[in-house]
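The structure appears below as structure tokens.
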Amino acid sequence: MLVTIITLGGFIGFGGSSTLISHLTVFVLACFVGYMVIWNVTPSLHTPLMSVTNAISGIIVIGGMIHLSEKQILLPAIAVLIATINIVGGFLVTHRMLVMFKK
């Protein structure tokens with residue numbers, strides 16, 4: 001796995017544009033920071049964390065809808081679809097939790 005990542009990074013580093021490299025760097029750093037934040041959160045803060053995740057998914061839907069007006073629509077359409085699924089799932093889980101607390 002590590003060899004594959006290093007090889008892929010080498011190919012991107014030698015053949016990729018500077019914007020691709022900068023976007024990929026931000027993506028990898030965001031994945032690492034997100035993993036560390038979620039892994040170290042206390043159980044009492046999981047519900048507010050999920051609310052923030054739904055808000056971020058809403059922002060992704062808006063960004064994807066803005067980019068749907070461009071020539072390349074496949075990636076924005078996929079982003080809108082996946083973020084919408086995430087938002088609906090978040091609302092369903094929240095509803096189930098609220099019903100559980102009413103009892």
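Under this note's numbering, think of the first position of the sequence shown as 1, with each following residue one higher.
Beta carbons: idealized from backbone N, C-alpha and C, even for Gly.
Rounded straight-line distance, which links the Cα of residue j to that of residue i
i     : j     : result
Ala55 : Leu74 : 23 Å
Met65 : Leu92 : 23 Å
Ile59 : His67 : 12 Å
Ala30 : Leu45 : 20 Å
Thr7  : Arg96 : 45 Å
Val3  : Gly9  : 10 Å
Ser17 : Glu70 : 21 Å
Ser22 : Gly63 : 19 Å
Leu20 : Leu49 : 30 Å
Thr94 : Gln72 : 34 Å
Terminal residues of the alpha helix (DSSP H) in which residue i lies
i     : result
Asn86 : 74–102
Leu29 : 18–39
Contact under 8 Å by Cβ, residue i with residue j
i     : j     : result
Ile87 : Ser51 : no
Gly90 : Thr47 : no
Ala83 : Val61 : yes
Burial state of residue i, where buried means 16 or more other Cβ atoms lie within 10 Å
i     : result
Val33 : exposed
Val37 : exposed
Val41 : exposed
Worksheet item: Would the segment 67–84 and the segment 20–27 be scored as touching if the rule is three or more Cβ pairs under 8 Å?
Response: Cβ pair count under 8 Å is below three, so no.
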